[in-house]
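Here is the structure we will look at.
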Amino acid sequence: MTDVSLGMPQLPAPDYPAEVRARLEADAREVIARYPGSRSALLPLLHLVQAEEGHVTRTGMRFCAEMLDLTTAEVTAVATFYSMYRRGPSGDYQVGVCTNTLCAVMGGDAIFETLQEHLGVGNGQTTDDGKVTLEHIECNAACDFAPVVMVNWEFFDNQTPESAKRLVDDLRAGRAVEPTRGAPLCTYKETARILAGFPDRRPGAVEATGGAGPASLVGLRLAKGEAVPGAGSADHVVPQRGAVPAEGEGEAAGRAPGEAPATHPSSHDAPRET
0 MTDVSLGMPQ LPAPDYPAEV RARLEADARE VIARYPGSRS ALLPLLHLVQ
50 AEEGHVTRTG MRFCAEMLDL TTAEVTAVAT FYSMYRRGPS GDYQVGVCTN
100 TLCAVMGGDA IFETLQEHLG VGNGQTTDDG KVTLEHIECN AACDFAPVVM
150 VNWEFFDNQT PESAKRLVDD LRAGRAVEPT RGAPLCTYKE TARILAGFPD
200 RRPGAVEATG GAGPASLVGL RLAKGEAVPG AGSADHVVPQ RGAVPAEGEG
250 EAAGRAPGEA PATHPSSHDA PRET
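Numbering follows numbering that gives the first Met the number 0, with no gaps: position 24 of the sequence shown is 23.
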């Protein structure tokens, strides 16, 4: 029979040093107290132990199980389900290149291939100096700024292969790097602690935002029927879907007053012969 590995080390696990255990227990109790049921704290506790060692170790999983009165199997099931929990040692900076549809056609695939060659690593692998772990991401939820690279979940928009190479070179050299928008950059362990629910006390970090771009905001205004810029004309208002047209509106398109525009299913929605 062929052995199947989930990428996690085997249990049982060694203990944390006493001083580390005491510190983590205090933090874990603070997290657990936020929830009516202790097992709901599993996700932030996994971030907490990841902040300690840079990935979820067997010791970390055992700690979570003991604090939440769960089995190690239950903890392992969650830790292996979500890609945000690392199963092996990772770099100080997780560099994620979006290779989903829009970013890919805008250059994301080229960026990822360039960085693999430039860093000498494959997907999910870490450079020898322990600084950068490279991975491809299916979506960074930032299509307005494609192609997008994320470093420890902070945005670097409108990248090119050359700008991405400069970015990782700066990270490895310890030079200051500023995201395009959002909070200042910090290490992966520091990010994991923030994700565990502890305050981000860096000046300006909480106030910083990484919102949607102009294209998405125009789409939102269209959906709400608000004024949007017209092509070559003053602002005009697009009616909300389902709104009754004004008098005379619609006749020009051959519709009776109050008649909704025709809809046509796409080829994906149309019934298919079987």
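Backbone N, C-alpha and C define an ideal beta-carbon position, used for all residues, glycine too. Model, not experiment: these values are computed from the prediction.
{"Query": "From this set, 203, 96, 118, which residue's C-alpha is nearest residue 155's C-alpha?", "Result": "96"}
{"Query": "Check whether the Cβ atoms of residue 26 and residue 45 sit closer than 8 Å, and answer yes or no.", "Result": "no"}
{"Query": "Which same chain residues, not among the five before or five after residue 106, have their C-beta less than 6 Å away from its C-beta?", "Result": "146"}
{"Query": "My output table needs one value for residue 46: the three-state DSSP class, helix, strand or coil.", "Result": "helix"}
{"Query": "Using only the alpha-carbon positions, how far apart do residue 151 and residue 159 sit?", "Result": "19 Å"}
{"Query": "Along the chain, where does the beta strand (DSSP E) that runs through residue 153 open and close?", "Result": "153-155"}
{"Query": "Identify the continuous beta strand (DSSP E) that holds residue 142 and give its terminal residues.", "Result": "No beta strand (DSSP E) contains residue 142, which DSSP labels as neither H nor E."}
{"Query": "Mind checking residue 53: buried by the 16 CB within 10 Å criterion, or exposed?", "Result": "buried"}
{"Query": "How about residue 163 and residue 183: do their beta carbons lie closer than 8 Å?", "Result": "no"}
{"Query": "Roughly how many angstroms lie between the CA atoms of residue 198 and residue 59, to the nearest whole one?", "Result": "21 Å"}
{"Query": "Report the residue ranges of all beta strand (DSSP E) runs contained in full by the region 87-142; include only those spanning at least 3 residues, in chain order.", "Result": "92-97, 131-136"}
{"Query": "Evaluate residue 185 with the Cβ neighbour count: other Cβ atoms within 10 Å of its Cβ, from every protein chain shown; 16 or more gives buried, anything less gives exposed.", "Result": "buried"}
{"Query": "Roughly how many angstroms separate the alpha carbons of residue 116 and residue 174, rounded to a whole number?", "Result": "22 Å"}
{"Query": "Would you list, in sequence order, the uninterrupted alpha helix (DSSP H) runs of no fewer than 4 residues that lie entirely inside the region 163-201?", "Result": "187-194"}
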